[in-house]
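To start, the structure itself, in structure tokens.
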Amino acid sequence: MLIWFLPLFLLILMLGMPVVFALLLAPGVMLWADGSSRDLAIMYRNVFNGIDVFLLAALPFFMLAGEIMNRGGITARIVEFSQAFMGHLRGGLAHVNILSSILFAGLSGSAVADTSALGSTLIPAMEKQGYTRRFAAAITAASSVIGPIIPPSGIMIIYASVMEQSVAALFLAGIVPGILVGAGLMVMVRLLADRYDMPQAERIVARDQSVGAAEWWTSWVIARAVIGGLIALLLTLVADRIAPGTLPWWGAWLLGAALAHVLLGAWKRRISHDFRVVCKRAAAPLLTPIIILGGILGGVFTPTEASAIAVAYALFVAFFVLRSMRLSDLSGVLARSAMASAAVLLLVGAAVAFKSVVSLSQAPQIMTDYILALSQNPLILLFLINLLLFVVGMFLDAGPAIIILGPILAPVFTELGVDPVHFAIIMSVNLTVGLATPPMGLVLFVASTVSGEKVETISKAILPFLAIEVAVIFLITYVPAISLTVPRLAGFLN
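Anchor point for the sequence shown: position 439 equals 439 in full-length UniProt numbering, and the numbering is continuous, going up by one each time.
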């Protein structure tokens, strides 16, 4: 009898009840009807147990960091930086929208935050440039799904918590798929340029911008430190192959910083003053993902500690470098991030409680037997599971879907020889794309609110971009190297 809570859950969802209440009500009613009062008490206790996980503390911290960045005016700087690089292409602002989403993904890791922050800036700007509002809203919603794919990613933190996987490995595995989604969307924009009569190519560089002394020196140090660090890494790799141990790390870094200074001096003479100012204004915000990933990969701090470091860095940039925030702004920032964090963590707790009843009902074993009865070929099963996840993503948020389906599906495919990290990326990317999929995709409603366009209109305009994202999902599915190469090179996979 207990297995009937799944149809009841779907029925309650279709009646319009919020997901968090449906996750608790459906199994609760069936346990009560079954007379399992002890299991009912355990289920509701699991709501708190599901939230009381140290790793999940990273979620509110990353949300707070993104909120501080947004309030500190960093979104506008990222858009200006993207315009300077992509504005000369046909359909420039559409490309700027996509590149901004890729860069913003390294700050927030949230599709909803991406749609809200970038949409409020870029949709009016695109409409002013001659793009239709529905197209501007559609490309904003489609590109926002890059947010949870490129690290830091909230849904990958949830997956790592539930499935006991390495957060660092999942973060690294999401880099190439996220960039691939962005590149695919840019190709589609170029193909649609004539159909939508997009504006002619024009390089857009913000003029007469100013940079304060603190921001100037910060960008000066960041540019030489980052480029010098990359050169030092290459020098160390070459030196270790020729004569191991002859070049100390500090020597390589000093040499790299010196070479970076020379290269930047040569580059300075080739570009305009306005372009240099735009790059300087974007340097401090763009360092955020480098600090997060560099610290995690270097073993300096854990993912949860990295999220707290991201908040501290965001506060430092907003208050002391950009000086775009005041203490009075903090109350609103904290309130918004607290509300967003509470909503996500409540969903996580409800989904963990729901998962406990899924285990009691023997649903995992039933589904495993059913899946393996369809075929023993992992390629065919991966195709079918992609279809299932795509449909689930239309109606259920990515976090709860991962908590409920991850423990059921992942062991089946791991047993069939699919790498656990590879399957995690397949599941995460697929469910993330579901956020922009009609009829219930969450970012469609956010884009509708920001743009004032109807959800139905945006849903039609987004279809070509969804086709590209589905193609990327299947490419990731059947070419494991796309997601596994980076974590393997970094030493997180054998």
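Cβ atoms here follow ideal geometry from the backbone N, Cα and C, with glycine treated the same way. Because the structure is a prediction, the values reported are computed rather than measured.
So for residue i, helix, strand or coil by DSSP?
i: A350; result: helix
i: V189; result: helix
i: L322; result: coil
i: residue 495; result: The first residue shown for the chain is 1 and the last is 494, placing residue 495 beyond what the model contains.
i: N454; result: Residue 454 is actually Lys in this sequence, not Asn. Reduced to three states, the DSSP call for K454 is coil.
i: T140; result: helix
i: N494; result: coil
i: A243; result: coil
i: A265; result: The sequence given here places Gly at residue 265; Ala does not occur at that position. Residue state, collapsed to three classes: helix.
i: L396; result: coil
i: T437; result: coil
i: P60; result: helix
i: Q165; result: coil
i: G66; result: helix
i: N430; result: helix
i: D419; result: coil
i: T132; result: coil
For residue i, which residues in the same chain have their Cβ closer than 8 Å to its Cβ, ignoring the five residues on either side in sequence?
i: G184; result: I468, E469, A471, V472
i: I309; result: I291, I292, G295, F301
i: Y44; result: L24, G28, A353
Which same chain residues, not among the five before or five after residue i, have their C-beta less than 6 Å away from its C-beta?
i: L13; result: A22
i: L170; result: M156, A160, A424
i: A225; result: none
i: residue 503; result: Outside the displayed span of the chain (1 to 494) sits residue 503, for which this structure offers no information.
i: L346; result: V20
What's the gap between the Cα of residue i and the Cα of residue j?
i: R326; j: F319; result: 7 Å
i: F9; j: G256; result: 58 Å
i: A84; j: V429; result: 29 Å
i: E215; j: L315; result: 14 Å
i: S153; j: C279; result: 25 Å
i: I290; j: A57; result: 20 Å
i: H261; j: G229; result: 12 Å
i: V162; j: V486; result: 23 Å
i: G35; j: A111; result: 41 Å
i: R241; j: I102; result: 35 Å
i: R190; j: A138; result: 15 Å
i: A350; j: V358; result: 12 Å
i: P7; j: F395; result: 14 Å
i: G441; j: G406; result: 20 Å
i: D369; j: V433; result: 28 Å
i: S219; j: A239; result: 29 Å
i: I403; j: L484; result: 22 Å
i: P27; j: A398; result: 20 Å
i: S210; j: H273; result: 11 Å
i: P248; j: V317; result: 32 Å
i: T414; j: A258; result: 48 Å
i: R194; j: L89; result: The sequence given here has Asp at residue 194, not Arg. Cα to Cα, the separation comes out at about 13 Å.
i: residue 496; j: P151; result: The structure shown does not extend to residue 496, since the chain spans only 1 to 494, so no value can be given for it.
Any Cβ of chain D within less than 8 Å of the Cβ of residue i?
i: A125; result: No chain D appears in the structure shown, which is made up of a single protein chain.
Report, in whole angstroms, the separation of the C-beta atoms of residue i and residue j, which I expect to be a contact under 8 Å.
i: V418; j: L493; result: Their Cβ separation, rounded to whole angstroms, is 13 Å, which puts V418 and L493 out of contact at 8 Å.
i: N386; j: F474; result: 7 Å
i: G182; j: A447; result: Not confirmed; about 17 Å, so no contact.
Ordered along the chain, which non-local residues of its own chain (more than five positions away) have a Cβ less than 7 Å from that of residue i?
i: D39; result: L31, L360
i: P480; result: D419, H422
i: I78; result: S100, L103, F104, A282, P285
Inset, instruction - Decide if the segment 425-442 is in contact with the segment 389-397; the criterion is three or more beta carbon pairs, one per stretch, under 8 Å apart. - result: yes
Inset, instruction - Inspect the CB distances between the segment 142-150 and the segment 176-191 and report whether three or more fall short of 8 Å. - result: yes
Inset, instruction - Examine the Cβ distances between the segment 366-385 and the segment 53-68 and report whether three or more of them are shorter than 8 Å. - result: no
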